[in-house]
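To start, the structure itself, in structure tokens.
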Amino acid sequence: MKRILITGAGGQIGSWLAPRLRDLYGAANVLVTDVRHLGPEVTEAGPFQVLDATDASAVAQAVMGHQADTVYHLAAILSATGENDPGLAWRVNMSSLEAVLEVAREQACAVFTPSSIGAFGPDTPKDPTPQDTIMRPATMYGITKVAGELLCDYYHTRYGVDTRGVRFPGLISYGAPPGGGTTDWAVDIFYKASSAGRYTCFLGPESQLDMMYMPDAIDALVGIMEADPERLVHRNAFNVTAMQLTPTSLAAEIQKHIPDFEIDYDVDPVRQSIADSWPDRIDDSAAREEWDWSPSFDAAAMTVDMLEHLTN
Ligand code: NAD
Ligand code: SER
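The numbers in the sequence shown follow our numbering, run straight up by one, and end at 313.
The following block contains the structure:
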């Protein structure tokens, strides 16, 4: 049975991943950590520890104390927050990854590190964006993601560490709110649609980005770490996507269920310029070929499920 440690587990992804891993591998085998204290639904369901992932010796002690063989490293600063404080994004994203990779090298752990569509930049082909292509991001977040991908591949080729990752698109979920990203509008819109019947979007109406519903993202996280290493040509990191949305197209999907729903726009120039530098549609055929990636939710199915959960 795997012995797992999750960093940054209190966020949008971790709040879904921790219960899934505890179900799959046994609660006692999954040490959930975050820099802040989390609620009883997390801390009473299995082992929990407050852990600053930038503190290399604390990370090493936690991994060794739990006898972890796998680390899901989720702690990070996201794109919009990162543009407000680029120094913080660099420090948190890079020093936490270095801490995790170093202990993984010493303790022979496997490491999952999420990359992002934010690793691409304005010079990248936008539609489709190939698996292997130009990566010159225009944000500090993206710079940390490209550097992180390279560092993870380096630890694999140089030290044999089993590092794996995916480039997530914008993730849509209920539960823990998103943590300061450019794609947060695609979550906010559901909350405002179900509570107020209207939403003011911070991106323009035709801004197209890749998106994915969280249950598919959790399947990707588990699927890549369970994948047969013999089949992996790539490692850090695989393009994965499930749908392409614009504010206009998602509003139309919501209007099928809430006919009076209205959307208007108050464009935030910082987040708009980040979105404009990202792909319109990424090509995830390498993930499909190398570890059978296949999402279950399209925009219609995701909208039904989101509204059902938020209304209930
Ligand atoms: P989030 O902002 O919701 O959660 C991040 C968590 O990290 C928070 O609980 C925060 O308390 C914690 N954290 C921050 N600094 C920390 C530190 N120094 N030590 C330990 N924990 C710390 O982020 P998320 O959406 O869950 O994203 C997790 C990972 O997935 C990140 O690497 C992010 O870049 C990546 N990702 C997310 C998305 C998305 O749409 N959510 C898309 C692509 C990639
Ligand atoms: N959802 C993330 C963000 O917008 C993409 O990595 O920052």
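Glycine residues also receive a C-beta, built at the ideal position from the N, C-alpha and C atoms.
Because the structure is a prediction, the values reported are computed rather than measured.
Cβ neighbour criterion (16 or more within 10 Å) applied to residue i
| i | result |
| --- | --- |
| Ile135 | exposed |
| Ala90 | buried |
| Ala109 | exposed |
| Gly166 | buried |
| Ala1 | Absent from the structure is residue 1, since the part of the chain shown begins at 2 and ends at 313. |
| Leu210 | buried |
| Ala301 | exposed |
| Val51 | exposed |
| Arg159 | exposed |
| Ser278 | buried |
| Asn240 | buried |
Residue i to residue j span [Cα, whole Å]
| i | j | result |
| --- | --- | --- |
| Met213 | Gln273 | 20 angstroms |
| Ala288 | Arg21 | 21 angstroms |
| Arg1 | Thr55 | Within the shown structure, residues of the chain are numbered from 2 to 313, placing residue 1 beyond reach of any answer. |
| Phe203 | Lys193 | 13 angstroms |
| Met341 | His157 | With the chain covering only 2 through 313, there is no way to say anything about residue 341. |
| Thr145 | Met95 | 6 angstroms |
| Cys153 | Phe262 | 44 angstroms |
| Asp185 | Gly224 | 25 angstroms |
| Ala1 | Thr183 | With the chain covering 2 to 313 only, the question about residue 1 has no answer from this structure. |
| His299 | Leu98 | The displayed chain sequence assigns Asp, not His, to residue 299. Distance between the alpha carbons of Asp299 and Leu98 is about 32 angstroms. |
| Phe191 | Ala177 | 14 angstroms |
| Gly205 | Phe113 | 33 angstroms |
| Asp284 | Gly181 | 25 angstroms |
| Ser208 | Arg282 | 12 angstroms |
| Asp24 | Val72 | 17 angstroms |
| Val268 | Ala276 | 11 angstroms |
CB contact flag (residue i, residue j, <8 angstroms)
| i | j | result |
| --- | --- | --- |
| Lys127 | Pro248 | no |
| Val31 | Val43 | no |
| Leu251 | Met215 | no |
| Trp294 | Ala221 | yes |
| Gln13 | Pro179 | yes |
| Ile118 | Arg168 | yes |
| Glu291 | Val234 | yes |
| Thr201 | His258 | no |
| Leu75 | Pro115 | yes |
| Pro129 | Ala139 | no |
| Val104 | Thr8 | no |
| Gly11 | Asp35 | yes |
Any non-hydrogen atom of ligand 1 within 7 angstroms of residue i CB
| i | result |
| --- | --- |
| Ile14 | yes |
| Thr8 | yes |
| Gly11 | yes |
| Asp189 | no |
| Thr130 | no |
| Phe262 | no |
| Ala177 | yes |
| Arg37 | yes |
| Gly181 | yes |
| Val112 | no |
| Val33 | no |
Counterpart residues of residue i in DSSP-defined beta bridges
| i | result |
| --- | --- |
| Leu6 | Leu32, Val72 |
| Val167 | Phe239 |
| Arg199 | Glu263 |
| Tyr214 | Ile173 |
| Leu246 | Leu210 |
| Ala111 | Thr71 |
| Gln50 | Thr34 |
| Ile283 | Thr130 |
| Ser117 | Phe169 |
Cβ-heavy atom distance, residue i to ligand 2, below 7 angstroms
| i | result |
| --- | --- |
| Leu172 | yes |
| Thr184 | yes |
| Ser117 | yes |
| Phe169 | yes |
| Leu79 | yes |
| Tyr142 | yes |
beta-carbon residue i near ligand 4 non-hydrogen atom, thresh 7 angstroms
| i | result |
| --- | --- |
| Tyr192 | Ligands displayed in this structure: ligand 1 and ligand 2; ligand 4 is not among them. |
Minimum Cβ-Cβ distance from residue i to chain D less than 8 angstroms
| i | result |
| --- | --- |
| Ser116 | In the structure shown, chain D does not exist; there is a single protein chain. |
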